[in-house]
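Here the structure comes first, spelled out in C-alpha cells, and everything after it is commentary.
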Amino acid sequence: MKKNIIDKLNKILINTLDYKEVLGKLASSITHGATGDKLKELAEVADRESKSLVKIISDIGGNVESTERKTDQESIYWVSRPLPNAQDMQEVLPCLIEAERSKEKDYNEVIGHEDIQRETANQLGKHRKEAEATLRYFQTIEAQKEKT
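Note that the sequence shown ends on residue 148 in the numbering used here; no numbers are left out.
In C-alpha cells:
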C-alpha cells in the first residue's frame, strides 16, 4: 500500500514541478504587474513545495521521480495544454482555478489514504491549505473581473 502512496506523491511532485514552470512562464508574459508578481510568488511556493515533497517521498522510503513517466501511467498535468494566452485574464484565471482544484483533489486523495501516517498527512495538509487559499484568491480575482 505504501507504494500506492508513493506513486500518488510522485504524481503530485511531477505536477508541482510542471505547475512551477507554467507559473513562471505566465508571470513573465503577463503585463499586469501585480498579477505577474503574484504568479512569481506562487512559483516560489511551488518550488518549496516540490522540495518538501521530495523529502516526504524519501522519508517514507520511496524513490523520487521528477520527470514525466514514459508509461501508460503518464501524469495528467494540472494545467492543460496549450497554455492560456497570458495577455487574456479571461483565459488565465479559469486555467489557474482548475489547476488549484486538481491540486487540492490530489492532496485530498493522498491525505485520505488509509495507510498514510499522521505526520505525513499533516505535512501534506499544509500544502493542501495553501492550494485552498490560492484557489480562493483566484476565484476572488475572477469575481472582481466579472463585476467590471
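Even for Gly, the Cβ is constructed at its ideal location relative to N, Cα and C.
By the CB criterion at 9 Å, Lys-25 and Leu-83 fall inside the cutoff.
In this structure Ile-14 is buried. Its beta-carbon is surrounded by 16 or more other beta-carbon atoms within 10 angstroms. Annotation for Gly-36: Ala-27 and Ile-30 place their beta carbon closer than 7 Å to its own, counting only its chain and skipping 5 residues before and after. Measuring C-alpha to C-alpha distances from Glu-21 to each of Asn-4, Lys-129 and Glu-41 identifies Glu-41 as the nearest. Excluding its 5 nearest sequence neighbours in each direction, Ile-141 has C-beta neighbours in its own chain below 7 Å: Leu-93, listed in chain order. Annotated as proximal: Thr-16 and Lys-103, with beta-carbon spacing under 9 Å.
Inter-residue distance for Tyr-77 and Asp-18 is about 7 Å (C-alpha atoms, whole angstroms).
Within 10 angstroms of the beta-carbon of Lys-51 lie fewer than 16 other beta-carbons, which makes it exposed.
If the five residues before and after Glu-119 are omitted, its C-beta is found closer than 8 Å to no C-beta atom of its own chain. The beta carbons of Asn-4 and Asp-115 sit closer together than 9 Å.
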